[in-house]
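One structure is given here, and the rest of the page talks about it.
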Amino acid sequence: MSDSAAFLSDYLAASLRLSVPLAFAALGGLFSERSGVLNIGLEGMLLTGAFVSAATVFYTGSVWVAILAALIVGGLVGLLHAYLCVTLRVDQLVSGLAINLSAAGLTAFLSRLVFNSKTSQPLQGLDAIAIPGLSQIPIVGSLFFNQDPLVYLLLLLVPLITYLLFKTSLGLTLRAVGEYPRAAETAGVSVLFVRYLSVMLSGCLASLGGAYLVLVHVKFFMEDISAGKGFIALAALIFGRWHPISTVLACVLFGATEALQLRIQAFGLNIPYQFLVMLPYVIALFALIGLAGKSTPPAALGIPYVKESLDD
Amino acid sequence: MRDGETAYLRLEGITKRFGNFVANDSINLKVNAGSIHGLLGENGAGKTTLMNILCGLYQPEAGQIYLHDRAVQITSPKVAIAQGIGMIHQHFMLVPQLTVIENIILGSPLTLRLNLKQKSREILVMSERYGLSIDPLAKVGDLPVGTQQRVEILKALYRQAKVLILDEPTAVLTPPEVQGFFKVLRQLAAANHTILFISHKLDEILSLCDHITVLRRGRVVGTTIAHNSTRQDLARLMVGRDVLFHLEKAAQSSDHIVLEVQNLQVRDDRHLNAVQNVSFTLKAGEILGVAGVDGNGQRELADAIAGLRPATAGELILNGQLITRWTMQQRIKRLKIGYIPEDRQKMGLILRFSIARNLILKGFQQLPFCRNGWLQRGAIAHHATQAIQSFDIRATSGKLRVSQLSGGNQQKVVLARELSGDPSLIVAMQPTRGLDVGATEYVQQALLTERQRGAAILYISTELEEIMMMSDRIAVLYEGRFVAILDAATATVEQLGLLMAGSPAGRLSP
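First to last, the sequence lines map onto chains A and B. When you line the first sequence up against this note's numbering, it's residues -5 to 306, in that order. When you line the second sequence up against this note's numbering, it's residues 42 to 551, in that order.
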């Protein structure tokens, strides 16, 4: 009895831990895509955040400085994506792809410089803070109230972003820009400004997901540590129909699947581990197939906005 | 308009270029406070460009705008709103996925709480004051276009607009709706709002406006007082020459039935029934006009008959052959159907292709254009030269890209392809849309010649006058059904207007 309870609470904790980076990245993607800018660069932004926080904590020893650095650099990568997509009107897929490839190359190169090619230099991490009283509740307590500040931040962000998106004028503006930018422009909104802001925010949040990965989850940096999490986050965003709550729930689903496959591997069943590793991605694929045609993205997603043009 | 009167809005020497194309050429315009000023011009005369300058979307290269004799720089839509200029665009600037209230307050100062309840109460009060009733919490995409237009006007009024600019506002309305809409505009003018009304419809401008300014090719060619002007005067100003308002055509005589449509049902892209239970016959040498407000199933009907969209029920019989389930390949090989689609640039032509290649889009897999899988350059070029001559396409060679042609010449390329080989059935969907008067006349004459030859023609248009001029019989399409089929000789605009609006009052015997 106590054995299975321990397994359950352990499994739930692992699910949550694996969902957090996805959720940060997916919420980042939500901002960008709600404003009409496709962001497949989430993967690269996540990876950048992971590396920057790892390097910063390695040099300064301060976790908080590391998080701040991840936020700033993530924002800068977002700025780059915004400049390419909004100002230069480069194909948004290509820009995202470029960010992913550059991030993969740069972080691999720089990590060898920084960590002296020791593959798993252990780093200082972010400690959990138990909330008095609440953390004593069985299962739920250890799951939600004995966590590190980043998890608390995420739990706070979900209702906050939902409120922002649907109940404030900033959210209204954001949604309008993603659906019909010209209508927003004629209503006196600067489409340019809104898109820049959203894409930068997108970079910050995805980068925070990377910081969590390094500072809380694994406590070291290695090449390609993001391992497709940015793409899974993108799938969660589509699966969650660009709504913050359902998007985060989709992330939890994918996180739980990942935790499950790790446990199945540990049981030593006679299944090639490659198939198990594929599991979350297969689930994501099926989720998207099941949703085909039902999930409608923001109408202007992926379409560059041209202010003065004759064809309207 | 003498200088003594106070002009609320004044434009001086406004010039706007797009590359080498001069859309507005030193435009001067004066609009008095509390008046309705008409801006008349053909498609491409520069009306919409001028309005986009006034509402801050475009920046002019030269010229000055005055409000109340004060020079203003309208650098962005935000500035235009602050100056009290409200624009109702031809294509509504409403976000379909948002509610009425969200659309109206979009762009107002940033707040941390939208407080939709209180604002919707404010807007209800305002809408009742102007007689523009709406449901503030309805999703805009679910509303009929007439109501969406009300939302647009309320949006402008909510921002305290003193000048209202309306770009082709009646294009989406039925005739009875237009009357109600004009009443609202007169009311607004009486409340000292200044209204600039843009249209290419002479009758509307004449019945609504106080003053009329006519634009042609980006220039002002005249400003007149409405009650001193006639249709003929304005048409001459607008086009630069006299215009025929009637077409001569001989009576239709054949009894041979070319197309028989029985209980046709077609779904639209959202899988909803867009055409329901439509039945009619079309004889050789006959033009059946299909009237109706845009979006009542015209597109789906035309596509289904042309074979581009499957019929979910019903039958199509062409010259005695049941063709409902024929594939496109079968149709091209064995039938002669000409289809002039609604949007020539997206559907009728491949803009990046040359004239010659566009002309063989249908026949490129067959002789003489293709032999054993190889395109026959000589035959293709020869075909193009012939088509350019016989359809009077203004182009130096068949190698020219279609994108380099004017709208009228592009449409001629479509005609040359679709009318070649003497089709027995022609489906023409808005064939004169966006064309100037000369090109319109050409297209209409070409279709009348085909009719004379014995082609059966389905002529679909949202322009009532055009339908009445061209057709032998007129079917009215409302919510995907033919609500009536009338004899064109006896049908009246009023009757058709009522039918188009779905009112049974106009319905007589078919």
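Even glycine gets a Cβ: it sits at the ideal position worked out from N, Cα and C.
Segment limits, alpha helix (DSSP H) that includes residue i
{"i": "Gly79/B", "result": "Careful: Gly79/B lies outside any alpha helix (DSSP H), inside the beta strand (DSSP E) at 77 to 81."}
{"i": "Met388/B", "result": "Taken as a continuous stretch (DSSP letters only), Met388/B belongs to no alpha helix (DSSP H), as it is neither H nor E."}
{"i": "Ile401/B", "result": "Unbroken run through Ile401/B: none, as it is neither H nor E."}
{"i": "Thr426/B", "result": "418 to 431"}
{"i": "Met128/B", "result": "Unbroken run through Met128/B is the beta strand (DSSP E), 126 to 129; no alpha helix (DSSP H)."}
{"i": "Ala345/B", "result": "339 to 347"}
{"i": "Ile239/A", "result": "238 to 261"}
{"i": "Gly202/A", "result": "As written in the sequence, residue 202/A is Leu, which differs from the Gly given in the question. Leu202/A -> alpha helix (DSSP H) spans 185 to 206."}
Continuous beta strand (DSSP E) stretch holding residue i: start and end
{"i": "Glu301/B", "result": "298 to 308"}
{"i": "Glu356/B", "result": "352 to 359"}
{"i": "Leu237/B", "result": "235 to 240"}
{"i": "Asn61/B", "result": "Segment: none, Asn61/B is in no beta strand (DSSP E) and carries neither H nor E."}
{"i": "Gln317/B", "result": "314 to 324"}
Neighbour flag for residue i against chain B, beta carbons, 8 Å
{"i": "Ser289/A", "result": "no"}
{"i": "Leu166/A", "result": "yes"}
{"i": "Leu304/A", "result": "Below a pLDDT of 50, predicted positions are generally treated as unreliable, and Leu304/A, at 46, falls in that range; no measurement from the model is reported."}
{"i": "Thr180/A", "result": "yes"}
{"i": "Leu12/A", "result": "no"}
{"i": "Tyr174/A", "result": "yes"}
{"i": "Thr50/A", "result": "no"}
{"i": "Thr162/A", "result": "yes"}
{"i": "Ala170/A", "result": "yes"}
{"i": "Ala286/A", "result": "no"}
{"i": "Ala177/A", "result": "yes"}
{"i": "Val59/A", "result": "no"}
{"i": "Met(-5)/A", "result": "Low confidence applies to Met(-5)/A: its pLDDT is 48, below 50, so where it sits in the model is not reliable enough to give any reading."}
{"i": "Gly296/A", "result": "no"}
{"i": "Val183/A", "result": "yes"}
{"i": "Ala7/A", "result": "no"}
CB contact below 8 Å: residue i versus chain A
{"i": "Glu143/B", "result": "yes"}
{"i": "Cys411/B", "result": "no"}
{"i": "Lys119/B", "result": "yes"}
{"i": "His130/B", "result": "yes"}
{"i": "Gly547/B", "result": "Note on Gly547/B: pLDDT 49, under 50, position unreliable in the model; the coordinate value appears next. Not an interface residue."}
{"i": "Met134/B", "result": "yes"}
{"i": "Arg154/B", "result": "yes"}
{"i": "Ser149/B", "result": "yes"}
{"i": "Gln159/B", "result": "no"}
{"i": "Leu95/B", "result": "no"}
{"i": "Gln138/B", "result": "yes"}
{"i": "Asn61/B", "result": "no"}
{"i": "Thr56/B", "result": "no"}
{"i": "Leu98/B", "result": "yes"}
{"i": "Ile206/B", "result": "no"}
{"i": "Ile122/B", "result": "yes"}
For residue i, the residue or residues it bridges with in DSSP
{"i": "Glu53/B", "result": "Gln105/B"}
{"i": "His13/B", "result": "This structure does not reach residue 13/B, given that chain B is present from 42 up to 551, and the question cannot be answered."}
{"i": "Cys411/B", "result": "Leu416/B"}
{"i": "Met509/B", "result": "BP columns for Met509/B are empty, so no partner."}
{"i": "Val71/B", "result": "The sequence shown places Lys at residue 71/B, not Val. Looking at the DSSP assignment, Lys71/B forms a beta bridge with Arg51/B."}
{"i": "Met216/A", "result": "BP columns for Met216/A are empty, so no partner."}
{"i": "Leu329/B", "result": "Leu499/B, Arg514/B"}
{"i": "Gly379/B", "result": "Ile467/B"}
{"i": "Asn140/A", "result": "Ala124/A"}
{"i": "Lys180/B", "result": "Thr140/B"}
Residue i versus the options, residue with shortest Cα-Cα distance
{"i": "Ala97/A", "options": "Asp121/A, Gln141/A, Thr42/A, Gly55/A", "result": "Thr42/A"}
{"i": "Arg111/B", "options": "Gln124/B, Glu245/B, Ile77/B", "result": "Gln124/B"}
{"i": "Ala487/B", "options": "Ser502/B, Asp463/B, Leu505/B", "result": "Asp463/B"}
{"i": "Gln228/B", "options": "Leu400/B, Met509/B, Gly348/B, Glu169/B", "result": "Glu169/B"}
{"i": "Ile142/B", "options": "Ile246/B, Phe133/B, Arg162/B", "result": "Arg162/B"}
{"i": "Leu539/B", "options": "Tyr99/B, Ser461/B, Leu147/B, Val219/B", "result": "Val219/B"}
{"i": "Val331/B", "options": "His297/B, Pro472/B, Gly439/B", "result": "Pro472/B"}
{"i": "Ile246/B", "options": "Leu300/B, Thr264/B, Asn61/B, Arg258/B", "result": "Thr264/B"}
Residue i CB to nearest heavy atom of the ligand ZN below 7 Å
{"i": "Ile93/A", "result": "Annotation note on the ligand ZN: not contained in the displayed structure, which lists no ligands."}
Within-8 Å CB hit, residue i to chain D
{"i": "Arg200/B", "result": "Protein chains A and B are contained in the structure displayed, whereas chain D is not."}
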